[in-house]
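Report on one structure; see the data block that follows.
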Amino acid sequence: MGAILKYIMMYAIIRAVVALGFGIVTYGAILYALNNAINEIRMAYNSMPAEVLQFLAIAEVPKSIGIVLGAMVAAASIRFAKRIAFIGG
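See the structure below:
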């Protein structure tokens, strides 16, 4: 009986460590990709003519972009937190 419990505990620990590792790598990759996307958007936005920038500012496009990108980062964080909670529980 003790050998079976030891095997089950070892399997659970290995599975938790592997899942945590995949979660951290995935979360890091998502944040890296989002940061690159944010930088590309900033560069494209700043290279536009002044008239276009004024029109976009009136339409509050910069706020919209910030909200969407913030939601993407929040979604990635929530998915990572759920994975951590699943491993812990």
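Residue 32 in UniProt numbering sits at position 32 of the sequence shown; the count goes up by one each step and never skips. Note that beta-carbon positions come from the ideal geometry of N, C-alpha and C, so glycine has one too.
In terms of residue numbering, what span does the alpha helix (DSSP H) encompassing residue 10 cover?
-> Looking at the DSSP string, the run of the alpha helix (DSSP H) that includes residue 10 is 2–46.
Please check the pair residue 30 and residue 65, which I expect to be a contact at CB under 8 Å, by giving their CB distance rounded to whole angstroms.
-> At roughly 18 Å, the Cβ-Cβ gap does not stay under 8 Å, so residue 30 and residue 65 are not in contact.
Alpha carbon to alpha carbon, how far is residue 57 from residue 18?
-> 46 Å
The alpha helix (DSSP H) spanning residue 51 covers which residue range?
-> Per DSSP, the continuous alpha helix (DSSP H) segment holding residue 51 begins and ends at 50–58.
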